[in-house]
Amino acid sequence: MGTEAIEILKLIASFLTPLIILIIGIIINRRLEKIKTTFVKEKDWQSWWASKFLDVAHEYNSAISECVTGLFRIKQINDENFLGGKMI
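Here is the structure:
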């Protein structure tokens, strides 16, 4: 009875080992796919955010350039009016 039980256990173990390996492989694969999906979503979010930030920065730069140019022209007009149209 003892050797038969050991042989049965060996047979069960030989069938269960590949099945357990398969189940563990599937679990690891699913976790890796979740991590990969999360990583791709995060990368897409960062790319979108950087693009929007760059657009706003360009708009801000254009607006500031117009403001500075306008202030410079106003100062020139003010200086001309103050000096009576004479340029020194």
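FYI, the numbering for the sequence shown is 1216 to 1303, going by this note's numbering. We treat Cβ as the ideally placed atom computed from N, Cα and C, and that holds for glycine. Note that the structure is predicted; figures quoted are calculated from it, not measured.
- Between the alpha carbons of Thr1284 and Gln1291 lies a gap of roughly 11 Å.
- Leu1298 carries a coil assignment under DSSP once its states are collapsed to helix, strand and coil.
- Between Ala1272 and Ser1262, the alpha-carbon positions lie close to 15 Å from each other.
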